[in-house]
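To start, the structure itself, in structure tokens.
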Amino acid sequence: MPRDPYPFPRLQNDSDFNGQQGKQVKETGGALTQTSQEGTPWDRLNKSATLASSRREIFHHDPKAPNDSLDFVIKSTYDHHKEFLYSKAETLVQHETAGLQHGRVLKNRPPPEEPEIDLFKLPLMKSTSVQRQSIHSINGAIESHHSASTNGGYSRKHDGGFYTC
Numbered sequence: 001m002p003r004d005p006y007p008f009p010r011l012q013n014d015s016d017f018n019g020q021q022g023k024q025v026k027e028t029g030g031a032l033t034q035t036s037q038e039g040t041p042w043d044r045l046n047k048s049a050t051l052a053s054s055r056r057e058i059f060h061h062d063p064k065a066p067n068d069s070l071d072f073v074i075k076s077t078y079d080h081h082k083e084f085l086y087s088k089a090e091t092l093v094q095h096e097t098a099g100l101q102h103g104r105v106l107k108n109r110p111p112p113e114e115p116e117i118d119l120f121k122l123p124l125m126k127s128t129s130v131q132r133q134s135i136h137s138i139n140g141a142i143e144s145h146h147s148a149s150t151n152g153g154y155s156r157k158h159d160g161g162f163y164t165c
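Each residue of the sequence shown is one higher than the one before, starting from 1 at the first, in UniProt numbering.
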């Protein structure tokens, strides 16, 4: 027999443990319960990937993720006109963190399906006007000192002078 190239201590784990095994008890009868068919809650929890754990995988690729710090700042939710002088931590909050729509479909939270709307079955609405309006009427027009209701486009001030533009 050849010499063992891996001398002791051997690294062993649960799947290749070669030490003394205890007495094995064989289960009698088939397992028909719900938990035995799907596994224990611990196994079911570890089999389903969360969003954070799937992002740590080596094959994970997200084309919408920011590539550098400039992309990270540009894709933040901060609006300088509405949120002036916020702290740096508040200016860099991303859409996903704030719970806003970010365009990604999460594995554990698929969006609800919306029912289809049949455009041919929508009720028709009729709108009628009680009086006919003339296109030459100035009622409802945008008011201005240049409108046709003034004296040829000129209006006088209260003191008798003319408005100037």
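Don't be surprised by glycine CBs; every beta carbon is placed ideally from N, CA and C.
Short Cβ contact (8 Å threshold) for Ser54 with His61: Residue mapping note: residue 54 aligns to position 54 of the sequence shown, counting from 1. Residue mapping note: residue 61 aligns to position 61 of the sequence shown, counting from 1. By the CB criterion at 8 Å, Ser54 and His61 fall outside the cutoff.
Ser76 vs Gln94 beta-carbon contact at 8 Å: Indexing the sequence shown from 1 puts residue 76 at position 76. Indexing the sequence shown from 1 puts residue 94 at position 94. Yes, the Cβ-Cβ distance between Ser76 and Gln94 is below 8 Å.
Where the alpha helix (DSSP H) containing Phe72 begins and where it ends: Position 72 of the sequence shown holds residue 72. Phe72 -> alpha helix (DSSP H) spans Ser69 to Ile74.
Helix, strand or coil at Phe59 according to DSSP, with G and I counted as helix: One-based indexing of the sequence shown puts residue 59 at position 59. Look at Phe59 here: in three-state DSSP terms it is coil, with no helix or strand label.
Three-way DSSP call (helix, strand, coil) for Phe84 in this model: Indexing the sequence shown from 1 puts residue 84 at position 84. Coil.
Reference Thr91, options Tyr78, Thr97, Asp118 and His158, closest by Cα: Here residue 91 refers to the residue found at position 91 when the sequence shown is read from its first residue. Selected option, being the one with the closest Cα: Tyr78.
Anticipated Cβ contact below 8 Å, Gly99 with Lys64, distance rounded: As a position in the sequence shown, residue 99 is number 99, starting the count at 1. As a position in the sequence shown, residue 64 is number 64, starting the count at 1. Not quite, the Cβ-Cβ distance comes to about 17 Å (not below 8 Å), so this is no contact.
Boundaries of the alpha helix (DSSP H) in which Pro123 is found, first to last residue: Counting from one through the sequence shown, the residue named residue 123 turns up at place 123. Taken as a continuous stretch (DSSP letters only), Pro123 belongs to no alpha helix (DSSP H), as it is neither H nor E.
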